Amino acid sequence: MVGSLRLCWSDATQFTTINSVLNSQTPLGPAPVPPATAEVPLSGQRLRVLEYVRANAPVRTLDAAESLGLHRNTVREHLDALVSHGLVARSTEHAVGRGRPAALYRPSAADAGVVARDYAGLATAL
Numbered sequence: 010m011v012g013s014l015r016l017c018w019s020d021a022t023q024f025t026t027i028n029s030v031l032n033s034q035t036p037l038g039p040a041p042v043p044p045a046t047a048e049v050p051l052s053g054q055r056l057r058v059l060e061y062v063r064a065n066a067p068v069r070t071l072d073a074a075e076s077l078g079l080h081r082n083t084v085r086e087h088l089d090a091l092v093s094h095g096l097v098a099r100s101t102e103h104a105v106g107r108g109r110p111a112a113l114y115r116p117s118a119a120d121a122g123v124v125a126r127d128y129a130g131l132a133t134a135l
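FYI, the numbering for the sequence shown is 10 to 135, going by our numbering.
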């Protein structure tokens with residue numbers, strides 16, 4: 010047979026696809042998580058909220074807002090961000106009467122690596 014291609018089964022085992030090669034080289038398991046000691050840069054206002062929680066734990070959103078002179082929603086936003094960074098832990102107050110139980114915030118053990126951008130500027134000026 011001149012000009013035709015003949016393929017035997019033994020030759021077919023040498024063919025592969027790109028996807029099978031890429032998939033076999035992909036690492037298995039979950040994506041790596043950064044260590045808990047990684048530094049978290051905080052704004053000055055967020056650092057004030059964190060310091061207030063450290064000094065007055067357990068803290069309710071309303072109490073922090075009144076003490077810091079900020080709006081409740083602003084404090085709530087900062088507290089939620091601190092919880093997502095693992096610097097503050099949230100729990101709920103035991104409900105007395107009607108309504109939703111208040112959220113209480115306490116510092117967590119993972120807040121040792123906090124770095125404030127304002128402090129870096131101050132250290133440079135000194």
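Beta carbons are placed, not taken as given, at the ideal position from N, Cα and C, and that holds for glycine. The structure presented is a predicted model; accordingly, all values stated were derived computationally and were not measured.
Rounded separation between residue i and residue j - CA only
i      : j      : result
Arg69  : Arg81  : 10 Å
Leu77  : Leu56  : 12 Å
Pro92  : Val49  : Position check: residue 92 holds Val in this sequence, whereas Pro was assumed. Distance between the alpha carbons of Val92 and Val49 is about 12 Å.
Ala74  : Gln54  : 12 Å
Ala104 : Leu113 : 12 Å
Leu79  : Arg85  : 10 Å
Ala118 : Pro39  : 24 Å
Simplified DSSP assignment, three categories, for residue i
i      : result
Leu113 : strand
Val92  : helix
Neighbourhood of residue i by C-beta, 6 Å cutoff - its chain only, sequence neighbours within 5 removed
i      : result
Glu102 : Pro110, Ala111 and Leu113
Taking 8 Å as the threshold, find out whether the stretch 59-74 comes into contact with the stretch 95-102 through three or more Cβ pairs.
Yes: at least three Cβ pairs fall under 8 Å.
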